[in-house]
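Q: Residue numbers (the working numbering): -15 to 577.
Note that beta-carbon positions come from the ideal geometry of N, C-alpha and C, so glycine has one too.
Computed from a predicted structure; not experimentally measured.
I'd like to ask you about the structure that follows.
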Ligand SMILES: Cc1cc2nc3c(=O)[nH]c(=O)nc-3n(C[C@H](O)[C@H](O)[C@H](O)COP(=O)(O)OP(=O)(O)OC[C@H]3O[C@@H](n4cnc5c(N)ncnc54)[C@H](O)[C@@H]3O)c2cc1C
């Protein structure tokens, strides 16, 4: 089945998120009236389904290849990329100053979802370029910005993120790539980076690598890491392309999924040293890189939503056509579509509800980012930035975990045909598997959540969020419709469990950090269930107030989530608050792990 952009679902999620970030009453998204917003999303969806989706399977079957030292992307990729950038899609959230359209983060994320649903391997290229643009904007000198940003914003050049080394993945404090100062104010880089997405390709004439490296006199650890811009080809003062830099791709990885996306081993300084330009200050590179990583983390969360949406559409379509078994509710002769069997229906609803819950969390995070740029007072902007920071690890990890789960359920709905490559369900499953790993593994996200994000604002931020969850659950309980009232009750129990686990976690991280860390991953899941249930319920209440064709569906999905998915909350809370002893009490002598 081809991809259908779920524009109405996305609009509802944006409206719920916009309200969450306090921008209601100004159109769904600040600065855009609803008609224009719908038009932008429909166009992006059209591009996704007509140009990108048809290449998805081809990219899987004919992966990017490394031939004679050059990387060739799959057939059709270059033409699609040219069409993508000619249509102006690479520049959505960038400032007008550099040729961008300055659209809000929420809109950029919605477009990002559709491109990644259509073709995850393709979508990664603009995703990383956007991250590189953000970092360069935040830390680059005016000269670097003027020279590189307009051509990255237009998509003429792409960007990469070069962090990982063979011995330094989650722990970047031990990177070894070396940077030496040159007499002309530039630097020479020497070292090897691995797993670099779109590290080389044939889509553009130039690639702008952002590379973490260490100066010879740098302090140990993360305080001694600097960030450099290292172009594949040097750029002359007049903007024309100069010589090849000493930065080459030394091979591509063979992977479980995302075969279309080239994952490169990069060698810097095999000859005289790769010429690099400092971004920001020496030894402060990780701070700037975190700007890029945070934006990219949310975008990877969106990739989780994207693959879940695609797998769900695929499974629903198959389940409506595949005939098997008799009806359990009527005596009608003949086989029925498997979608009619309660067990399959449960699976399909689980897929849909998890996808929508993750979408609302991601868009709520994006809405906070928008608010952190545009809110009127400094206090509002800072609070919004903190809320975005709090939600980002949840958006990344919850959405990518459910991306894998939903894609796996999609295979299951297809039965044996799901395991056979022809249906495409298997590709979604394989492609989804990278998402909980890159941009900081989901385990690292959970640690970030409990150690750095919960304490934000002296702990008041999470308290305020829990209060908001309680308010919506209370409102739902009082709605005079039976199914909403029950949903409100279930939601209220979820919030109670989340509040208990949060109080425990805040204490534990201070006094018994190992116990807290043992519970970090189940705590993040619990956060995702509470937040997902909250935003879905908000969307359902909004739909009820306004009526409209999709109100009944949003109520049904929110209700299903509250009654069948987030009811796991008390169990998760018990794991968080009392399961840790069974983890840290176990030694290698008592259990062989
Ligand atoms: C297809 C692909 C594309 C990628 N693209 C890029 C890219 O463009 N640029 C780039 O720089 N990198 C990229 N990466 C690298 C990716 O970000 C890393 O693989 C990831 O950060 C994990 O690092 P690692 O593989 O070294 O795993 P490790 O750090 O060895 O982790 C292994 C396991 O141990 C856990 N773990 C590690 N440390 C801790 C800890 N302190 N506490 C608790 N648990 C811990 C992890 O959660 C994980 O489950 C890519 C990787 C792949 C596979």
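My assumption, with CB atoms under 8 Å, is that residue 227 sits in contact with residue 250. Please give the rounded CB distance.
A: That belief does not hold up - the Cβ atoms of residue 227 and residue 250 are roughly 18 Å apart, past 8 Å.
Q: What is the rounded straight-line gap between the Cα of residue 184 and the Cα of residue 233?
A: 6 Å
Q: Could you name the residues of the same chain whose beta carbon sits closer than 8 Å to that of residue 86, not counting the 5 residues immediately before and after it, in chain order?
A: 77, 78, 79, 80
Q: On the DSSP bridge assignment, give the partners of residue 231 in chain order.
A: 252
Q: Taking residue 174 as the reference, which of 416, 156, 196, 186 has the closest Cα?
A: 196
Q: State the start and end residues of the unbroken alpha helix (DSSP H) segment that holds residue 377.
A: 362 to 397
Q: Does the distance from the C-beta atom of residue 516 to that of residue 299 stay below 7 Å?
A: no
Q: Are residue 123 and residue 157 touching if we call contact CB-CB under 7 Å?
A: At a Cβ-Cβ threshold of 7 Å, residue 123 and residue 157 do not count as neighbours.
Q: Alpha carbon to alpha carbon, how far is residue 167 from residue 217? Give it in angstroms, no decimals.
A: Going by the C-alpha atoms only, they are around 21 Å apart.
Q: Tell whether a beta-carbon distance below 7 Å holds between residue 37 and residue 105.
A: Taking 7 Å as the Cβ cut-off, residue 37 and residue 105 do not qualify as a contacting pair.
Q: Just to confirm before moving on: does the CB-CB distance between residue 48 and residue 55 stay below 7 Å?
A: yes
Q: If you pair each beta-carbon of the region 386 to 401 with each one of the region 353 to 364, do three or more pairs fall below 8 Å?
A: Not touching, per the Cβ criterion.
Q: Hey, residue 338 and residue 549 are a contact pair by Cβ (cut 8 Å); roughly how many whole angstroms apart?
A: Indeed, because the Cβ distance is near 7 Å, the residues count as touching under 8 Å.
Q: Within this structure, are the beta carbons of residue 504 and residue 430 separated by less than 7 Å?
A: yes
Q: Which residue wins for smallest C-alpha separation from residue 488, given the options 559, 522, 569, 284?
A: 559
Q: Below 6 Å CB to CB, which residues in the same chain sit around residue 278 once its five sequence neighbours on both sides are set aside?
A: 376
Q: Just to confirm, are residue 383 and residue 288 a CB contact at a threshold of 7 Å?
A: Cβ distance < 7 Å, so residue 383 and residue 288 count as in contact.
Q: What does a CB cutoff of less than 6 Å around residue -9 pick up in its chain, not counting 5 residues either side in sequence?
A: 25, 26, 29
Q: Would you call residue 315 buried or exposed, if buried means 16 or more other Cβ atoms sit within 10 Å of its Cβ?
A: With fewer than 16 other Cβ atoms within 10 Å, it is exposed.
Q: Could you tell me which uninterrupted beta strand (DSSP E) segments, each at least 3 residues in length, are contained entirely in the region 7 to 84, listed from first to last along the chain?
A: 49 to 51, 54 to 56
Q: Would you kindly report the start and end of the unbroken beta strand (DSSP E) that includes residue 215?
A: 210 to 215
Q: Which of helix, strand or coil does DSSP assign to residue 171?
A: strand
Q: Buried or exposed for residue 40, going by 16 or more other Cβ atoms inside 10 Å?
A: buried
Q: Which term fits residue 179, buried or exposed, when burial requires 16 or more other beta carbons within 10 angstroms of its beta carbon?
A: buried
Q: Exposed or buried, residue 274, counting other C-beta atoms within 10 Å across all chains shown (16 or more means buried)?
A: exposed
Q: I'd like to confirm something about residue 449: is its beta-carbon nearer than 6 Å to some heavy atom of ligand 1, or not?
A: No, ligand 1 has no heavy atom inside 6 Å of this Cβ.
Q: For residue 441, does the three-state DSSP call read helix, strand or coil?
A: helix
Q: By the 10 Å Cβ neighbour count, where 16 or more other Cβ atoms means buried, how is residue 210 classified, buried or exposed?
A: buried
Q: From what residue to what residue does the alpha helix (DSSP H) around residue 267 run?
A: That residue, residue 267, is in no alpha helix (DSSP H); it is neither H nor E in DSSP.
Q: Which residues does DSSP list as the beta-bridge partners of residue 164?
A: 172
Q: Rank -11, 2, -6 by C-alpha distance to the C-alpha of residue 348 and give the top, closest one.
A: Among -11, 2, -6, the Cα nearest to that of residue 348 is on 2.
Q: Pick helix, strand or coil for residue 241, following the three-state DSSP scheme.
A: coil
Q: For residue 469, which residues of its own chain have a beta-carbon under 8 Å away from its beta-carbon, when the five flanking residues on both sides are left out?
A: 460, 461, 462, 463
Q: For the beta strand (DSSP E) containing residue 197, name the first residue and the last one.
A: First-last of the beta strand (DSSP E) with residue 197: 190 to 197.
Q: Who pairs with residue 321 in a beta bridge, going by DSSP?
A: 307
Q: Is residue 219 helix, strand or coil when you go by DSSP?
A: DSSP places residue 219 in strand when its eight states are reduced to three.
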